[in-house]
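Residue numbers (this note's numbering), protein chains in the order written: chain V, 1 to 546; chain R, 547 to 1092. Idealized CB from N, CA, C, for every residue including glycine. Note that this is a predicted model, so its numbers are computed, not measured.
Number of protein chains: 2
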Amino acid sequence: MTKYVIGLDYGTDSARAVVVDAGSGETVATAVKYYPRWRQGLYCDPASNRYRQHPQDYIDVLEGSVREALAACPAGTAENVVGIAFDTTGSTPVFTDAAGTPLALLPEFAENPNAMFVLWKDHTAIKEAAEINRACKECAVDYSVYEGGIYSSEWFWAKALHVLRSDEAVRRAAHSIVEHCEWMPALLTGVASSKDIVRSRCAQGHKAMWHPSWGGLPSEEFLTGLDPLLGGFRERLFTDTETADKPVGNLTPEWATRLSLSTDVVVAGGAFDCHMGAVGAGITPHTFVRVIGTSTCDVMVAPYDEIGDKLIRGICGQVDGSVIPGMIGLEAGQSAFGDIYAWFRQVLEFPLRGLEPALREQISEGLIPALSEAAAAIPVSESAIVATDWMNGRRTPDANQLLKGAITGLTLGSDAPRIFRALVEATAFGSRAIVERFRGEGVRIDKVIGIGGIALKSPFVMQILSDILEMPIQVCRTDQACALGAAMFAATAAGLYARVEDAQGAMSSGFATEYRPRPENAALYRTLYEKYLALGAFTEKELLTR
Amino acid sequence: MTKYVIGLDYGTDSARAVVVDAGSGETVATAVKYYPRWRQGLYCDPASNRYRQHPQDYIDVLEGSVREALAACPAGTAENVVGIAFDTTGSTPVFTDAAGTPLALLPEFAENPNAMFVLWKDHTAIKEAAEINRACKECAVDYSVYEGGIYSSEWFWAKALHVLRSDEAVRRAAHSIVEHCEWMPALLTGVASSKDIVRSRCAQGHKAMWHPSWGGLPSEEFLTGLDPLLGGFRERLFTDTETADKPVGNLTPEWATRLSLSTDVVVAGGAFDCHMGAVGAGITPHTFVRVIGTSTCDVMVAPYDEIGDKLIRGICGQVDGSVIPGMIGLEAGQSAFGDIYAWFRQVLEFPLRGLEPALREQISEGLIPALSEAAAAIPVSESAIVATDWMNGRRTPDANQLLKGAITGLTLGSDAPRIFRALVEATAFGSRAIVERFRGEGVRIDKVIGIGGIALKSPFVMQILSDILEMPIQVCRTDQACALGAAMFAATAAGLYARVEDAQGAMSSGFATEYRPRPENAALYRTLYEKYLALGAFTEKELLTR
Chain V
1 MTKYVIGLDY GTDSARAVVV DAGSGETVAT AVKYYPRWRQ GLYCDPASNR YRQHPQDYID
61 VLEGSVREAL AACPAGTAEN VVGIAFDTTG STPVFTDAAG TPLALLPEFA ENPNAMFVLW
121 KDHTAIKEAA EINRACKECA VDYSVYEGGI YSSEWFWAKA LHVLRSDEAV RRAAHSIVEH
181 CEWMPALLTG VASSKDIVRS RCAQGHKAMW HPSWGGLPSE EFLTGLDPLL GGFRERLFTD
241 TETADKPVGN LTPEWATRLS LSTDVVVAGG AFDCHMGAVG AGITPHTFVR VIGTSTCDVM
301 VAPYDEIGDK LIRGICGQVD GSVIPGMIGL EAGQSAFGDI YAWFRQVLEF PLRGLEPALR
361 EQISEGLIPA LSEAAAAIPV SESAIVATDW MNGRRTPDAN QLLKGAITGL TLGSDAPRIF
421 RALVEATAFG SRAIVERFRG EGVRIDKVIG IGGIALKSPF VMQILSDILE MPIQVCRTDQ
481 ACALGAAMFA ATAAGLYARV EDAQGAMSSG FATEYRPRPE NAALYRTLYE KYLALGAFTE
541 KELLTR
Chain R
547 MTKYVIGLDY GTDSARAVVV DAGSGETVAT AVKYYPRWRQ GLYCDPASNR YRQHPQDYID
607 VLEGSVREAL AACPAGTAEN VVGIAFDTTG STPVFTDAAG TPLALLPEFA ENPNAMFVLW
667 KDHTAIKEAA EINRACKECA VDYSVYEGGI YSSEWFWAKA LHVLRSDEAV RRAAHSIVEH
727 CEWMPALLTG VASSKDIVRS RCAQGHKAMW HPSWGGLPSE EFLTGLDPLL GGFRERLFTD
787 TETADKPVGN LTPEWATRLS LSTDVVVAGG AFDCHMGAVG AGITPHTFVR VIGTSTCDVM
847 VAPYDEIGDK LIRGICGQVD GSVIPGMIGL EAGQSAFGDI YAWFRQVLEF PLRGLEPALR
907 EQISEGLIPA LSEAAAAIPV SESAIVATDW MNGRRTPDAN QLLKGAITGL TLGSDAPRIF
967 RALVEATAFG SRAIVERFRG EGVRIDKVIG IGGIALKSPF VMQILSDILE MPIQVCRTDQ
1027 ACALGAAMFA ATAAGLYARV EDAQGAMSSG FATEYRPRPE NAALYRTLYE KYLALGAFTE
1087 KELLTR
């Protein structure tokens, strides 16, 4: 009898439920649901970079998406679902009460953004992140070392401290803090105390400075030194974390009914979308997996005997088991990738202001394809504009949110396609800088796997990326690599596979496309990359400090 | 009885005849005629930067413009015209026969671009300019020192040598070489031998390396060392030059008839448009006069006792009497000013490709005004994008045609108006760099006078220019400052004034507008200017050499 698993991928705007054949990895059905409150813009304030999501949004889309996906499957499928797993965005934490319930689910906090999940891209905690960085450097133990050495405003403790300082009511009610990817499994398995929530190795290791070498979370002294408001949380939170291949429990009767599944269904541990996506994409040691969209999230795994305890400088963390249990998961990324192309499109849209909305929309939608087509026709020998990709700061290598982008080599003949091409090259140079940092720190990289919107949709960008990285890039056949990865964890947690790698071997989607570097472009691009590095160094050392 | 003079301003595309009251300076009538062959694109090849003008074009518009302007004047005006003067573009030389006739006026050369005037912006002689620069540095006498130390492909000897090498027929027929501003007076006064053409101090001093300290033009050895093809020209050309206030002669009976004027009319010496424009604009010592259009031409005058024989580094020449007789004329300029705004407009027009031409044209025409309006609304404190103005290379200070432009400080929030504003600030920073070079070399500058299209039409640009230069800028009331300057020379040559300064005192148009620097912006702009300088130095020293 064929067994099925359900991968649940909770993205920024919507959630996907994907029913997968646990033997072949074949996708049987997919359903997508948008978060209703989020879609209306509730609880957010883009002007102050405040982005909050209501826990009820997550609940609402869960039932709808799973039921819809199952309804699209052949009869008998639901009965043979054996496991489900969640991947979510992160760091996306929320304060809970002692029962582990997000505060916004309590009537008195139902409309309070500070009682909701603080979405990964919420930047309200910039000040708190700076305080944490200062404290880490002043402390005998630098708790940030396994997170690349620079703590971000997008992460767990910065956000928690910011909310505690901002909201007295939340402060009084706050008992614990949970990440989105931890809460979903806890919800479905009926956890009744915040202490019993299974904690994600991925989330806590990459974002909350959890590490076995200092006994878990940073010390109480460190946390209260940051602010007495953090006092007591460490004790109430947790000591241990688990990898996502471990079962968290089974569906409660209530959730089994709501999802039309059996209470035998095993719920796996949760992890971040890019990490499960890397598994779904077929990550192995020495493979650089990139989720390429508005930004990139780059993931690698390395056997412990290759990395050991060596600290990799300037990346976004190294955590044992955060991707594949038994290996060190390494995270990096570019703060902007497709966002840079979208920015240029927006600049070019200025003359369209006065046009009627339909025409304007039509021109706008065709703009990046038209730029790509025109840019692809320009001989690479004419690439002479050199840009950096820091229009949204730099995440890796060596995070610096203050950096800004630059475009040089402009002449009166530099037209829009030439500038666009330079921006594409810049995003690829930024990618190369990450690869070179990994290699410089002793991490071997042989090939690249791409997933995400740009990997699937832009051959122009992917070919230049391959040329500049001087490596082949394989693009997954599935456009749901994150959900597929979650399905692999579900199948492993349900006992169908002994190891995540075995699930990968059986369930992989394979690759739709492979881009190969064009050797004739290598020399020119190496020269331009030298200019990119020089421009970057100048920007960081000279422009930023004046 | 009121006396009148006619200023004839020969620009790139058209010529203007302006009839001026020689006592008050009031403009009585103006007529504009476009060069007919040039307008059809004849004899030019933009792809190779070859721009040639047929001498017959100049003749054709002369009669038409003067007659039309006179026809618009009150009865009796023509009879009281006492002088005329020409200003033209330059360096715009042509080969002539022994009679001083441009070769293209001979039937056998009528269609040969090499027998025509080589327009100022013709860049076919880049190789020859490089050879001249090399020869100057290797020679015991550096003949380029009074021209800023760097000889341009736009100038006299480079163009002459290029044409000689390119065209055997022209080479065999070429007896002498004449600048456009010298030929017009020679034509009207009936000069019958190339030896008798009165030579322009302005043209020859700024563009042909003429200087009294080495006895006029560069030595025969220097010229034949460059190429034996130049042998004999020095002897056949001239030794002396004259300032433009001196009469060249009277109208011949033929030209008096053709122009409906008397043979008593005095023809003044010729000079370049910007130089006469500076006089028309009211130049005095310590005043920086700028013709601000697609590029800028910047002119100053300094009494000999202020400058002496001191060489001003990196400008476009210092010539005794090139602007006002008895003072040192100093020339500088930016290779692109309005051209940078036009470039950005062209980049922004990419999305308009598919629109119907009329709508496209309408949007295009409104673009720079709309950008200016939106940019003006941005608080100066938000100016954080720093650009350089070298999209067309750099003319002054320290000419370097290889330099390119840069834009830094870009974020995902950098919209089109913010980038436009940064480009405007960049052109103003480029202006400040020229001012600071002059001052660094001991030339005092107290105020600025602006003429040209941008000075007249863009308060937004002019206010930022004033803020960044930290000086008041006066904009002339007349939009025909060059022709008015020519009229002042005509009046002086005709004996109505003893000196050009007296003509200025009587005939000035006064100022329409004055922009005053906003002191509250000074500190920020000084900081941004430091970044501009740092970015420029990086571009020149690092990017250019990799």
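Of R/Ala827, R/Pro1005 and R/Gly912, the smallest CA-CA separation from R/Lys993 is found for R/Ala827.
By the beta-carbon neighbour count (other beta carbons within 10 angstroms, threshold 16), R/Met547 is exposed. Runs of the beta strand (DSSP E) spanning 3 or more residues and lying entirely within the region 87–156 of chain V occur at 93–96, in chain order. The Cβ of R/Trp666 sits no closer than 8 Å to any Cβ of chain V.
With a threshold of 8 Å between beta carbons, V/Asp45 makes no contact with chain R. In the three-state scheme derived from DSSP, where H, G and I count as helix and E and B as strand, R/Met547 is classed as coil. Taken in chain order, the members of the region 868–894 of chain R whose beta-carbon sits within less than 9 Å of a beta-carbon on chain V are Ala882, Asp885, Ile886, Ala888, Trp889, Arg891, Gln892, Val893 and Leu894. Along the length of the region 439–508 of chain V, whole beta strand (DSSP E) runs at least 3 residues long occupy 447–451 and 473–476, reported in chain order. Under the criterion of beta carbons closer than 8 Å, R/Asp844 and R/Gly879 qualify as touching, at roughly 5 Å. For R/Glu911, the closest Cβ of chain V is not nearer than 8 Å. Less than 8 Å divides the Cβ of V/Leu367 from the Cβ of R/Pro897. The C-beta separation of R/Leu1070 from R/Ser960 comes to about 17 Å, leaving the pair out of contact by the 8 Å criterion. Using a CB distance cut-off of 8 Å, V/Asn392 counts as an interface residue toward chain R.
Around the beta carbon of R/Thr785, fewer than 16 other beta carbons sit within 10 angstroms, so the residue counts as exposed.
A residue is called buried when at least 16 other Cβ atoms come within 10 angstroms of its Cβ; R/Ser594 does not meet this threshold and is exposed.
Among the CB atoms of chain V, one or more fall inside 8 Å of the CB of R/Leu1089. Counting the other CB atoms within 10 Å of its CB gives R/Gly636 a total of 16 or more, which places it among the buried residues. For secondary structure counted as the beta strand (DSSP E) over 3 or more consecutive residues, the region 577–640 of chain R holds these complete runs in sequence order: 627–634. Per DSSP, R/Phe779 has no beta-bridge partner at all. In the three-state DSSP reduction, V/Asp21 falls in the strand class (E or B). In the three-state DSSP reduction, R/Glu572 falls in the coil class, being neither helix nor strand. For R/Ile924, no CB of chain V lies under 8 Å from its own CB, so it is not counted at the interface with that chain.
Here R/Ser611 has Ala561, Ala563, Ala577 and Lys579 as same chain residues with Cβ atoms under 6 Å from its own Cβ, once five neighbours each way along the sequence are excluded. Sequence-distant partners of R/Ile723 (beyond 5 residues in either direction) whose C-beta falls short of 8 Å from its own C-beta, in its chain, are Pro639, Val640, Phe641, Thr642, Phe702, Ala706, Phe779 and Leu783. It is roughly 14 Å from the alpha-carbon of V/Glu470 to the alpha-carbon of V/Arg444. When secondary structure is reduced to three states using DSSP, V/Ser14 falls in the strand class.
From the beta-carbon of V/Lys457, no residue of chain R is found nearer than 8 Å; the closest lies around 20 Å away. By the C-beta criterion, the region 565–572 of chain R is judged to be in contact with the region 1027–1037 of chain R, since at least 3 inter-stretch pairs fall below 8 Å.
R/Ala952 belongs to the set of residues whose beta carbon lies under 8 Å from a beta carbon in chain V.
In the displayed model, R/Met730 falls within a helix according to three-state DSSP. Interface with chain V (8 Å Cβ-Cβ cutoff): R/Leu956 is included. Taking a contact to require three or more Cβ pairs closer than 8 Å, the region 41–57 of chain V and the region 117–127 of chain V qualify as touching.
DSSP places V/Phe288 in the uninterrupted beta strand (DSSP E) bounded by Thr287 to Ile292. Contact with chain R is found for V/Leu352, since one of that chain's Cβ atoms lies less than 8 Å from the residue's Cβ. Check the Cα spacing between R/Val837 and each of R/Gly867, R/Glu572 and R/Gly996: the tightest is with R/Gly996.
Inclusion of R/Arg964 and R/Ile1000 in the CB contact set at 8 Å is not warranted, their separation being larger than that value.
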